[in-house]
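Here full-length UniProt numbering is used: the first residue of the sequence shown is 1, the next is one more, and so on. Step one of this worksheet: look at the structure below.
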Amino acid sequence: MSQNSKSLLCLLQRCVAVRKLPTCITTRRSSSVLSAGSGFTSQPTWTSTSRAVCPLQLAVRTSQYRFCTKAGQPLEDEYPPLAPYQPEPEPEKKEVYFMEVRGLPWSCSVQDLLQFFSECRILDGEKGIHLTVDRNGRPSGEAFIQVEHEDDVRKALEKHRQYLGPRYVE
């Protein structure tokens with residue numbers, strides 16, 4: 001006898017044994033426990049027969065789920081087809097170029113820097129220039145400038161040691 005036949009035979013024997021055994025769960029009345037209404041509550045008690053039946057019933061229930069087959073249309077026909085998968089395009093990685101400019105006169109304004117670096121494409125115009133201040137809120141003589149491309153950085157480096165007002169820019 002093959003292994004599949006043996007397991008099927010064992011399962012059938014369990015089913016027959018479960019059907020033959022009576023399910024004897026007795027109830028007893030407890031006079032000490034009152035329910036919400038008037039009267040007594042019933043509490044189930046387990047006999048030796050019902051304890052033996054429970055594992056067999058559990059085995060039958062689980063085996064029924066395993067051997068269950070359903071005739072009919074496949075479930076795939078009930079659902080509409082999925083749309084073809086299209087991965088989201090990766091966002092463009094935008095390179096950011098910042099320059100630190102030092103040696104500015106304290107009276108230097110954003111407009112002065114726009115004129116001095118007129119050959120460079122400063123990102124967002126005046127918004128791309130950030131003048132720094134000290135603790136007291138006075139200009140520190142430094143600025144950070146954001147430009148659009150690496151070529152703009154090279155053009156700005158050509159301005160190294162050129163004068164802006166009375167001071168030279170580094």
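Think of the CB as a built atom: it goes at the ideal place given N, C-alpha and C, for glycine as much as any other residue.
Those residues which DSSP pairs with residue i across a bridge
| i | result |
| --- | --- |
| L164 | R167 |
| V96 | Looking at the DSSP assignment, V96 forms no beta bridge with any residue, so it has no partner. |
| Q86 | DSSP, once it has assigned bridges, lists no residue as partnering Q86. |
| P139 | V133 |
| Q146 | F98 |
Straight-line Cα distance separating residue j from residue i
| i | j | result |
| --- | --- | --- |
| Y79 | L9 | 39 Å |
| E119 | A83 | 51 Å |
| K127 | R161 | 25 Å |
| L131 | V110 | 8 Å |
| E92 | G125 | 22 Å |
| S140 | E90 | 40 Å |
| D134 | P87 | 49 Å |
| F98 | Y85 | 39 Å |
| V169 | E100 | 10 Å |
| R154 | W106 | 25 Å |
| K6 | Q13 | 11 Å |
| Q81 | Q3 | The residue asked about is misnamed: residue 81 is Pro in this sequence, not Gln. Looking at the two C-alpha atoms, the distance is approximately 41 Å. |
| G137 | I129 | 17 Å |
| D112 | E142 | 13 Å |
Among the options, nearest to residue i - alpha-carbon criterion
| i | options | result |
| --- | --- | --- |
| V96 | Q3, E170, Q13, E148 | E148 |
| I122 | P105, V133, E150 | E150 |
| L114 | R138, K159, Q13 | K159 |
| P166 | R138, G137, L104 | L104 |
| F144 | S5, R102, D152 | R102 |
| K94 | Q146, I129, G137, F116 | Q146 |
| D152 | P81, S2, F117 | F117 |
CB-CB length for residue i against residue j, believed under 8 Å
| i | j | result |
| --- | --- | --- |
| C108 | L164 | 7 Å |
Closer than 8 Å to chain C by CB, residue i
| i | result |
| --- | --- |
| I129 | The question asks about chain C, but that chain is absent: this structure has only one protein chain. |
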